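Novice: Heads up: the sequence shown runs through residues 11 to 234, numbered per my numbering. Where is the CB? At the ideal position from N, CA and C, for every residue including glycine. Please read all numbers here as calculations on a predicted model, not as lab measurements. Take this structure, written in structure tokens, and hold onto it; I'll ask about it next.
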Amino acid sequence: MIRFFAGHPTIANLLMLVFLAAGLIAGPGLLRETFPRAAPSAVEISVPYPGARPEDVETAICLPLEAALDAVTDLDGTSCEAREGLGRATARMREGADFRGFLAEIAGEVDAIGEFPDRAEPARVRALGLTDFVASVAITGPDDRPTLEAYAEEVRTRMLRWGGIAMVEIRGFPATEVRIDVSPLALRSFGLSIADVARAAGAESVDMPAGSLDGSDPTLLISV
Numbered sequence: 011m012i013r014f015f016a017g018h019p020t021i022a023n024l025l026m027l028v029f030l031a032a033g034l035i036a037g038p039g040l041l042r043e044t045f046p047r048a049a050p051s052a053v054e055i056s057v058p059y060p061g062a063r064p065e066d067v068e069t070a071i072c073l074p075l076e077a078a079l080d081a082v083t084d085l086d087g088t089s090c091e092a093r094e095g096l097g098r099a100t101a102r103m104r105e106g107a108d109f110r111g112f113l114a115e116i117a118g119e120v121d122a123i124g125e126f127p128d129r130a131e132p133a134r135v136r137a138l139g140l141t142d143f144v145a146s147v148a149i150t151g152p153d154d155r156p157t158l159e160a161y162a163e164e165v166r167t168r169m170l171r172w173g174g175i176a177m178v179e180i181r182g183f184p185a186t187e188v189r190i191d192v193s194p195l196a197l198r199s200f201g202l203s204i205a206d207v208a209r210a211a212g213a214e215s216v217d218m219p220a221g222s223l224d225g226s227d228p229t230l231l232i233s234v
């Protein structure tokens with residue numbers, strides 16, 4: 011082959027031109043992505059349960075969901091997260107199975123569940139896909155960090171309400187901390203130690219659900 015092209019340089023040049031032309035023609039049509047798309051392999055089932063505590067969501071939402079999903083064909087595994095006012099289950103499909111059939115079977119099993127409480131809202135079933143980075147928005151101004159962070163949270167909420175945006179992350183702010191400074195003289199006068207103050211602060215630092223506030227959109231959960 012090398013000897014042939016060495017003896018016929020014109021043919022070699024013509025082939026090179028053909029390859030170059032083919033590359034120029036096919037180049038604009040090539041798919042270019044920062045993160046290649048992957049076929050979905052997991053399904054999320056979310057059931058809102060307004061005003062319910064996490065332990066109530068676990069019993070009334072997660073357990074019936076897990077029992078129903080156990081009957082699904084090609085199921086690789088499940089997990090369920092019980093949060094305040096919301097139960098969210100994730101079902102993972104076995105590799106190589108048909109995802110459309112998997113999704114349809116899950117939707118049918120969830121629709122057949124009759125054990126949800128009356129106050130629970132209808133279940134939402136959707137395919138879980140990868141999230142692609144789209145844009146970065148910088149928020150700057152003369153205000154202090156807490157003010158900027160509060161404004162960033164407001165912008166994040168508004169973006170998620172627009173629809174079509176799966177996730178908005180806020181970065182660049184430190185974790186919120188509460189610092190307690192204690193006077194040594196005050197400790198001695200009350201007969202306390204730093205450990206006593208730490209235990210008292212830990213006992214009061216709780217997050218307990220106190221019901222929900224109806225009449226707003228969406229319904230607000232109250233915690234104390």
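Let me confirm a value: Gly39 is counted as buried when at least 16 other C-beta atoms fall within 10 Å, else exposed. Which label applies?
Specialist: In the sequence shown, counting from the first residue as 1, residue 39 sits at position 29. Exposed, because fewer than 16 other Cβ atoms sit within 10 Å of the Cβ of Gly39.
Novice: Got a sec? Which residues, its chain only, sit under 6 Å from Glu68 by beta carbon, not counting five neighbours each side?
Specialist: Taking the first residue of the sequence shown as 1, we reach residue 68 at position 58. Ala92, listed in sequence order.
Novice: I'd like to confirm the pairing. Which residues does DSSP put opposite Arg134 in its beta bridges?
Specialist: For this step, residue 134 is matched to residue 124 along the sequence shown. Ser56.
Novice: For Leu96, which beta-bridge partners are listed by DSSP?
Specialist: Here residue 96 is taken as the residue at index 86 of the sequence shown, counted from 1. Note: Leu96 sits in a beta bridge opposite Pro58 and Arg93.
Novice: Just mark Thr88 as buried or exposed, buried being the case when its beta carbon has 16 or more other beta carbons within 10 Å.
Specialist: One-based indexing of the sequence shown puts residue 88 at position 78. Buried is the call here.
Novice: Where does Pro152 land, buried or exposed, given buried means 16+ other C-beta within 10 angstroms?
Specialist: Numbered from 1 along the sequence shown, position 142 holds the residue referred to as residue 152. Exposed, by the Cβ-count rule.
Novice: Whether or not the stretch 126 to 141 and the stretch 55 to 62 are in contact is what I'm after, with contact meaning three or more pairs of Cβ atoms, one per stretch, closer than 8 Å; do they touch?
Specialist: yes
Novice: Taking only three categories from DSSP, how would you classify Thr150?
Specialist: Position 140 of the sequence shown, counted from the first residue, corresponds to residue 150. Coil, per DSSP.
Novice: Buried or exposed: Met11, going by 16 or more other Cβ atoms within 10 Å of its Cβ?
Specialist: Numbered from 1 along the sequence shown, position 1 holds the residue referred to as residue 11. The residue in question, Met11, is exposed, as its Cβ has fewer than 16 Cβ neighbours within 10 Å.
Novice: By the DSSP assignment, the alpha helix (DSSP H) with Phe29 in it spans what residues?
Specialist: For this step, residue 29 is matched to residue 19 along the sequence shown. Boundaries of the alpha helix (DSSP H) around Phe29: Pro19 to Ala36.
Novice: Determine the DSSP secondary structure at Leu85, reduced to helix, strand or coil.
Specialist: Taking the sequence shown and counting its residues from 1, the one referred to as residue 85 is at position 75. In this structure, Leu85 counts as strand in the three-state DSSP scheme.
Novice: Just the C-alpha distance for Ala22 and Ile35, rounded to the nearest angstrom, thanks.
Specialist: Working through the sequence shown from its first residue, we reach residue 22 at position 12. Working through the sequence shown from its first residue, we reach residue 35 at position 25. About 20 Å.
Novice: Using a Cβ-Cβ cutoff of less than 8 Å, which residues in the same chain neighbour Ala122 once the five nearest sequence positions on both sides are dropped?
Specialist: Reading the sequence shown from its first residue, position 112 is the one you call residue 122. Closer than 8 Å at the Cβ level, and outside the excluded window around Ala122, lie Ala78.
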